[in-house]
Amino acid sequence: MKVSRYLIPTLKENPSDAVVTSHRLMMRAGLIRKESAGMYSYLPMGLKVLRKIINIVKEEMDRAGALECLMPELTNADLWKESGRWYTMGPEMFRIEDRNGLEYALGPTHEEAFTHLVRTVVSSYRDLPLNLYQINTKFRDEIRPRFGVIRSKEFIMKDAYSFDVDEKGLDESYNAMAKAYRRIFERCGLETIPVQADSGNMGGSASEEFMVASEIGEEVLLLCDSCDYRANSEKAEYRSITAESEPQESLREVHTPDIKTIDDLVNFFNCQPDKFFKSIIYVYDGKPVMVVVPGSRDVNEHKLKNYLGALELELASEEIVIKVTGAPLGFAGPVGLKDLRIICDVSIRSLCNGVTGANKKDYHFAGVNPGRDFEIKEEADITIARSGDLCPKCNGKMYEKKGIEVGHIFKLGYKYTKAMNVTVLDEKGEAITPIMGCYGIGINRTMAAIVEQCSDDKGIIWPKEVTPFHVHLVGIAKNDEEIRQIEEIYDMLIDSGIDVLYDDRKVSPGFKFADADLIGIPLRITVGKNYFAKGEVELKERSKAEALSIAKNNIVAEIKKYYSA
RNA sequence: CGGGGCGUGGCUCAGUCCGGCUAGAGCGCGUGGUUUGGGACCAUGAGAUCGGAGGUUCGAAUCCUCUCGCCCCGACCA
Numbered sequence: 236m237k238v239s240r241y242l243i244p245t246l247k248e249n250p251s252d253a254v255v256t257s258h259r260l261m262m263r264a265g266l267i268r269k270e271s272a273g274m275y276s277y278l279p280m281g282l283k284v285l286r287k288i289i290n291i292v293k294e295e296m297d298r299a300g301a302l303e304c305l306m307p308e309l310t311n312a313d314l315w316k317e318s319g320r321w322y323t324m325g326p327e328m329f330r331i332e333d334r335n336g337l338e339y340a341l342g343p344t345h346e347e348a349f350t351h352l353v354r355t356v357v358s359s360y361r362d363l364p365l366n367l368y369q370i371n372t373k374f375r376d377e378i379r380p381r382f383g384v385i386r387s388k389e390f391i392m393k394d395a396y397s398f399d400v401d402e403k404g405l406d407e408s409y410n411a412m413a414k415a416y417r418r419i420f421e422r423c424g425l426e427t428i429p430v431q432a433d434s435g436n437m438g439g440s441a442s443e444e445f446m447v448a449s450e451i452g453e454e455v456l457l458l459c460d461s462c463d464y465r466a467n468s469e470k471a472e473y474r475s476i477t478a479e480s481e482p483q484e485s486l487r488e489v490h491t492p493d494i495k496t497i498d499d500l501v502n503f504f505n506c507q508p509d510k511f512f513k514s515i516i517y518v519y520d521g522k523p524v525m526v527v528v529p530g531s532r533d534v535n536e537h538k539l540k541n542y543l544g545a546l547e548l549e550l551a552s553e554e555i556v557i558k559v560t561g562a563p564l565g566f567a568g569p570v571g572l573k574d575l576r577i578i579c580d581v582s583i584r585s586l587c588n589g590v591t592g593a594n595k596k597d598y599h600f601a602g603v604n605p606g607r608d609f610e611i612k613e614e615a616d617i618t619i620a621r622s623g624d625l626c627p628k629c630n631g632k633m634y635e636k637k638g639i640e641v642g643h644i645f646k647l648g649y650k651y652t653k654a655m656n657v658t659v660l661d662e663k664g665e666a667i668t669p670i671m672g673c674y675g676i677g678i679n680r681t682m683a684a685i686v687e688q689c690s691d692d693k694g695i696i697w698p699k700e701v702t703p704f705h706v707h708l709v710g711i712a713k714n715d716e717e718i719r720q721i722e723e724i725y726d727m728l729i730d731s732g733i734d735v736l737y738d739d740r741k742v743s744p745g746f747k748f749a750d751a752d753l754i755g756i757p758l759r760i761t762v763g764k765n766y767f768a769k770g771e772v773e774l775k776e777r778s779k780a781e782a783l784s785i786a787k788n789n790i791v792a793e794i795k796k797y798y799s800a
């Protein structure tokens, strides 16, 4: 491909609305253009990369035995009503009506669609296992699109759904995907960190997220420094430290006018935040519940939701807080509350002589001791782990890292097959419900993550398997005869089956080199004065500083060597 | 949704506070010429309803009101 006939609108300056590396470089290298917030066009070279990623995903999915399908983007509301998600999905689902008033959703995910498909085509255990996937556009009305292509309203996703007769089968399907994912990301040139993740309220037993470590990541990971424990903060457990015991003080009421927050309390009582029984009222599935955690800790709503087995969980409004505690916000506590379900974090038991709200405006209790002053009826790990916490596996220290989630696999269970009434007959002729797994990869986001991870201050450095072209041929010619000689090399490369981008523009060499660095094709061949004088071309790897002088006859072999290594 | 910021040739920005003449610069683009191994140079040229609507004024990119779009932070831990 000749640059003069291609479309690579590179930008010398950073676009003003691109703030992260991948977004900036993808814009500047002429791969994408923004159409609107959270919506991007892919230009020819950007599309080429996207397709390479897609092909890797396809090859590995196929190798793992999954079958590609293509589902409609427009999904009938009835399907969503059947699973209940029409009502629980909320505003992130784009909903539309046709001219007759029939309701549809622009698919944000396709569990229902695939479950429905399977139910119409599968009837015997002999038809299973089945793992169906597609690579298709998803629509989500994101609360806030950001970071270019990393969080957008419209994106391409590979989503796969496995159906097995039993849990053992699901284990196999799941493990096959876990393996395929590792191969996919490795081939994409990405270093991913597989972490344990929360599988939501699907009743799923296993879930793994594939994260790319990055400062701009929107997920927080906890990694152990001495073993292989790594988990999403939504899921991460930690070993709580038992507080030192001290002689029990007596319970006393303290006047705390307008002292509501933990910070206020720390100042007022002049002690550590962990001396406070932070008491928070939530509403789960319409019912109020109080959770009690150490003052310095945050409630992990995912853990709490899982513990409660709740479909919905939200902080209680002030109204409800007043109703169940008798006091305005800021003065709730477990002491003396009889009719409210109270869940204590596992670390509460060992806190002594603490402080908590007195359920009375402007009053707190001090000298509070669990067991004596309030009963611990329910105990669970419901707080967010953080840097410095002890690893639940080995007692090592954990540290935090931010990551971009590029893939997620998890055991779904029976949620959809049950809700949508999918059955097959087993060997005995009895109806059984298949069990599902679900496996996603964000394609655009994977591309952004690659750029995020594989770039320097000059531009992108594409990994071998996803580079838009194999070689960037830079010609520096002073006359027609020299152009002819460069084109000889260009033709030779094409004839050897090498995908070459030939910069034939009439611009200065520096301009071409700068563009080549920006675009990031891993190999660059420069044909200029050394070739016309000595028959030598320059071969340079984008990732290295020094170049190699080689003869024309060795070019093809060198390129093939690079790509087969 | 709450807070903050920004909309001026294709791109990056100045001008706006304190209203005043044909709205500027750099980059990019067209033409002619000189250049050619790390974003060349000279000459010349095209290109802007100053996001949109309404208002104030003799006069609005600039002031006021409304509106649209975009970016960033946050989104309830008492």
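Read in the numbering used here, the first sequence has 754 at position 519, and its numbers run on one by one without any break.
In this text, a Cβ means the ideal position worked out from N, Cα and C, and glycines have one as well.
Residues of its chain near residue i, where Cβ-Cβ distance is below 6 Å and the 5 sequence neighbours each way are ignored
{"i": "Arg-268", "result": "Ser-276"}
{"i": "Met-525", "result": "Ser-514, Ile-516, Leu-575 and Ile-577"}
{"i": "Ala-429", "result": "It is Pro, not Ala, that sits at residue 429 in the sequence shown. Closer than 6 Å at the Cβ level, and outside the excluded window around Pro-429, lie Glu-443 and Phe-445."}
{"i": "Ala-471", "result": "Leu-457 and Ala-620"}
{"i": "Ser-734", "result": "The amino acid occupying residue 734 in the given sequence is Asp; Ser does not appear at that position. Same-chain partners within the cutoff: Phe-704 and His-705."}
Residue environment, residue i, which counts as buried when at least 16 other CB atoms sit within 10 Å
{"i": "His-490", "result": "exposed"}
{"i": "Phe-746", "result": "exposed"}
{"i": "Pro-627", "result": "buried"}
{"i": "Asn-335", "result": "exposed"}
{"i": "Ala-415", "result": "buried"}
{"i": "Ser-475", "result": "buried"}
{"i": "Ala-800", "result": "exposed"}
{"i": "Arg-465", "result": "buried"}
{"i": "Glu-270", "result": "exposed"}
{"i": "Asp-730", "result": "exposed"}
{"i": "Leu-363", "result": "buried"}
Pairwise C-alpha distance: residue j and residue i
{"i": "Gly-424", "j": "Cys-587", "result": "52 Å"}
{"i": "Glu-771", "j": "Gly-732", "result": "22 Å"}
{"i": "Ala-348", "j": "Leu-314", "result": "7 Å"}
{"i": "Lys-540", "j": "Met-280", "result": "44 Å"}
{"i": "Gly-642", "j": "Lys-775", "result": "33 Å"}
{"i": "Arg-777", "j": "Asn-410", "result": "37 Å"}
{"i": "Pro-343", "j": "His-351", "result": "16 Å"}
{"i": "Ala-786", "j": "Tyr-241", "result": "28 Å"}
{"i": "Glu-327", "j": "Thr-372", "result": "15 Å"}
{"i": "Ser-784", "j": "Cys-689", "result": "26 Å"}
{"i": "Lys-650", "j": "Ile-670", "result": "8 Å"}
{"i": "Ile-617", "j": "Gln-431", "result": "17 Å"}
{"i": "Ile-790", "j": "Arg-740", "result": "22 Å"}
{"i": "Ile-497", "j": "Leu-564", "result": "12 Å"}
{"i": "Val-255", "j": "Tyr-542", "result": "37 Å"}
{"i": "Val-353", "j": "Tyr-396", "result": "10 Å"}
{"i": "Met-412", "j": "Phe-398", "result": "13 Å"}
{"i": "Phe-503", "j": "Pro-529", "result": "17 Å"}
{"i": "Arg-386", "j": "Arg-259", "result": "15 Å"}
{"i": "Ile-494", "j": "Val-447", "result": "42 Å"}
{"i": "Leu-546", "j": "Tyr-798", "result": "50 Å"}
{"i": "Gly-438", "j": "Gly-648", "result": "With a pLDDT of 45 at Gly-438, under the threshold of 50, the modelled position of this residue cannot be trusted, and the question is left open."}
{"i": "Ser-257", "j": "Ile-718", "result": "35 Å"}
Proximity of residue i and residue j at Cβ, strictly below 8 Å
{"i": "Ser-408", "j": "Met-655", "result": "no"}
{"i": "Tyr-634", "j": "Leu-458", "result": "yes"}
{"i": "Ile-419", "j": "Val-292", "result": "yes"}
{"i": "Gly-694", "j": "Ala-264", "result": "yes"}
{"i": "Glu-640", "j": "Glu-469", "result": "no"}
Cβ-based neighbour list, residue i, same chain, cut-off 8 Å, excluding 5 preceding and 5 following
{"i": "Ile-289", "result": "Ile-370, Ile-391, Lys-393 and Ile-678"}
{"i": "Leu-660", "result": "Ser-358, Ser-359, Tyr-360, Ala-666 and Ile-667"}
{"i": "Val-603", "result": "Leu-486, Phe-512, Gly-568, Val-570, Asn-588, Gly-589, Val-590, Thr-591 and Phe-609"}
{"i": "Ile-696", "result": "Cys-689, Ser-690, Gly-755, Pro-757, Arg-777 and Ser-778"}
{"i": "Lys-522", "result": "Arg-576"}
{"i": "Tyr-322", "result": "Lys-316"}
{"i": "Pro-246", "result": "One point to set straight first is that residue 246 is Leu, not Pro, in the sequence displayed. Here the set comprises Met-262, Arg-263 and Gly-265."}
{"i": "Leu-405", "result": "Ser-397, Asp-399, Lys-646, Ile-670, Met-671 and Gly-672"}
Close Cβ partners of residue i (< 7 Å) along its chain, the five nearest in sequence each way excluded
{"i": "Val-518", "result": "Glu-549, Ala-551 and Ile-555"}
{"i": "Phe-329", "result": "Ala-340, Leu-341, Phe-374 and Asp-376"}
{"i": "Ile-721", "result": "Gly-710, Ala-712 and Val-762"}
{"i": "Val-802", "result": "One cannot answer for residue 802 here, as it falls past the ends of the chain, which runs 236 to 800."}
Segment contact, 8 Å Cβ cut-off, at least three pairs: the segment 708-725 with the segment 757-770: yes
Measuring CB atoms only, is the segment 301-311 touching the segment 360-375, in the sense that at least three cross pairs come out at less than 8 Å? Because the criterion of three Cβ pairs below 8 Å is met, the segment 301-311 and the segment 360-375 touch.
At a cut of 8 Å, does the segment 453-470 reach the segment 593-610 through at least three beta carbon pairs? Short answer: they don't touch.
At a cut of 8 Å, does the segment 560-578 reach the segment 586-605 through at least three beta carbon pairs? A contact exists between the segment 560-578 and the segment 586-605.
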